[in-house]
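Under our numbering, the first residue of the sequence shown carries the number 143, and numbering increases by one thereafter. Built from N, CA and C at the ideal position, the CB exists for glycine as well.
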Amino acid sequence: MKKDVFNNIKEQLKDYKYSSMKYTEYEEISNYDVICNNEQLILTFGFNVEAGLYEFHWATNSASILLKEVNKSNEKVLITFIPTEWIEEFRKNKFNIYAIWNDYFHNDISKSLEQVKSMEFLKECDFKKASEVTLSCRGQSRGFSGQTEEWMKQWIKGTESNSVSLGGKDGAVLVHSENDNITGIICIGIYSYDESDGPILWVREIAVLPEYQRRGIAKTLLNQALFYGKSKGAKRAFLMADECNKHAIKLYESVGFIANKSEAQNDMIRK
143 MKKDVFNNIK EQLKDYKYSS MKYTEYEEIS NYDVICNNEQ LILTFGFNVE
193 AGLYEFHWAT NSASILLKEV NKSNEKVLIT FIPTEWIEEF RKNKFNIYAI
243 WNDYFHNDIS KSLEQVKSME FLKECDFKKA SEVTLSCRGQ SRGFSGQTEE
293 WMKQWIKGTE SNSVSLGGKD GAVLVHSEND NITGIICIGI YSYDESDGPI
343 LWVREIAVLP EYQRRGIAKT LLNQALFYGK SKGAKRAFLM ADECNKHAIK
393 LYESVGFIAN KSEAQNDMIR K
């Protein structure tokens, strides 16, 4: 897909009630094909590297119109941002829930800060090790797919597409190590510097090697992340979690995060 085609599609989104492309950046779908673009439906198809799945991105006012076109393919495929009222119709068409993402906000990170003695930052030579930590957790919770070595590099250098679109700065990866082995990581950044309520710490990814889980490593990393955010001027914090990831949600709530379930992101997959 050429950039001008993508820009034209983004401009057309205002004509549709529902869409999966509101937050999509060109770099994420530059290799996707445009399957359909008319008054009833915009549909693109390609490989989602982060999820490791083929997916459709779409815009329409009708679930039946979307499903009619999607069902021309029998491939295992992901469709994101399904409206809640469409879920049953998608289930009847052999789609199952892949993840239901809720936004979690911490509105005053200074209130939950524990004493942080030191922080260890990911080094460029360890991008691969950090990626391997995240990939070791793939499948432990719905929708968690891990990150590649290249993604780690982009996050640190500030070129990751989602971070760029939000005007993110100060991207970092904090690590927890034992016996010179990286056992846990947390990817963080700061955005919304111009908002009246102050900058927001974005907790993008948390992962701990399976054999080191339930030892408090994730909580240590999360507290370090909050401390890092405050040191960079952040007043609040944001993250996303699948509603079935009970252990993670318990952790987030224990340090002050509160879910905003009014705008859940429903992702579904046909297997």
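| Among 270, 306, 376 and 237, which one has its Cα closest to the Cα of residue 411? | Sequence index remark: in the sequence shown, residue 411 carries index 269 (1-based). Minimum Cα distance to residue 411 is reached at 237.
| request: State the CB to CB distance for the pair residue 305 and residue 386, rounded to an integer number of angstroms; the pair is presumed to be in contact (CB under 8 Å). | output: Counted from its first residue, the sequence shown places residue 305 at position 163. Counted from its first residue, the sequence shown places residue 386 at position 244. Residue 305 to residue 386, Cβ: 26 Å. No contact.
| Sufficient close CB pairs (3 or more, under 8 Å) joining the region 379-399 to the region 280-299 | Touching, yes, given that three or more Cβ pairs across the two stretches are closer than 8 Å.
| request: Inspect the beta-carbon positions of residue 177 and residue 408 and report whether they are closer than 8 Å. | output: Position 35 of the sequence shown holds residue 177. Position 266 of the sequence shown holds residue 408. No.
| Thinking C-beta only, is residue 371 closer than 8 Å to residue 343? | For this step, residue 343 is matched to residue 201 along the sequence shown. For this step, residue 371 is matched to residue 229 along the sequence shown. It is a contact, given that the beta carbons lie within the stated cut-off.
| message | To the nearest angstrom, how far is the alpha carbon of residue 191 from that of residue 348? | response | Here the question's residue 191 lines up with position 49 in the sequence shown. Here the question's residue 348 lines up with position 206 in the sequence shown. When rounded, the distance between both Cα atoms is 19 Å.
| field | Identity of the residue in 368, 356, 331 and 202 nearest residue 487 by Cα | value | Residue 487 cannot be examined here, being either before or after the span of the chain that is shown, 143 to 413.
| said: For residue 292 and residue 269, I'd like the C-alpha separation in whole angstroms. | reply: As a first step, residue 292 must be located in the sequence shown, where it is residue number 150. As a first step, residue 269 must be located in the sequence shown, where it is residue number 127. If you take the alpha carbons of residue 292 and residue 269, they lie about 8 Å apart.
| field | Backbone secondary structure at residue 350 - three-state DSSP | value | In the sequence shown, the residue the question calls residue 350 occupies position 208. Residue state, collapsed to three classes: strand.
| message | Comparing C-alpha positions only, which one of 323, 260, 228 and 234 sits nearest to residue 275? | response | The count along the sequence shown starts at 1 and reaches residue 275 at position 133. That would be 323, whose Cα lies nearest to the Cα of residue 275.
| Do the region 373-380 and the region 205-213 make contact, defined as three or more Cβ pairs closer than 8 Å? | No, they do not touch.
| request: Under 7 Å Cβ to Cβ from residue 303, same chain only, skipping five residues before and after it: list those, please. | output: Taking the sequence shown and counting its residues from 1, one reaches residue 303 at position 161. For residue 303, where only same-chain residues beyond five positions count, the Cβ hits under 7 Å are 167, 169 and 170.
| query | With distances taken between CB atoms, is the gap from residue 297 to residue 315 smaller than 8 Å? | reply | Position 155 of the sequence shown, counted from the start, is the residue given in the question as residue 297. Position 173 of the sequence shown, counted from the start, is the residue given in the question as residue 315. For the 8 Å CB-CB criterion, residue 297 and residue 315 form a contact.
| said: Once the 5 residues before and after residue 262 are set aside, which same chain residues still bring their CB inside 8 Å of it? | reply: Here residue 262 refers to the residue found at position 120 of the sequence shown. Cβ within range, chain order: 316, 317, 318 and 319.
| field | Selection from 364, 188 and 204 that minimises the alpha carbon distance to residue 398 | value | On the sequence shown, position 256 is the one that residue 398 refers to. The shortest Cα separation from residue 398 among 364, 188 and 204 belongs to 364.
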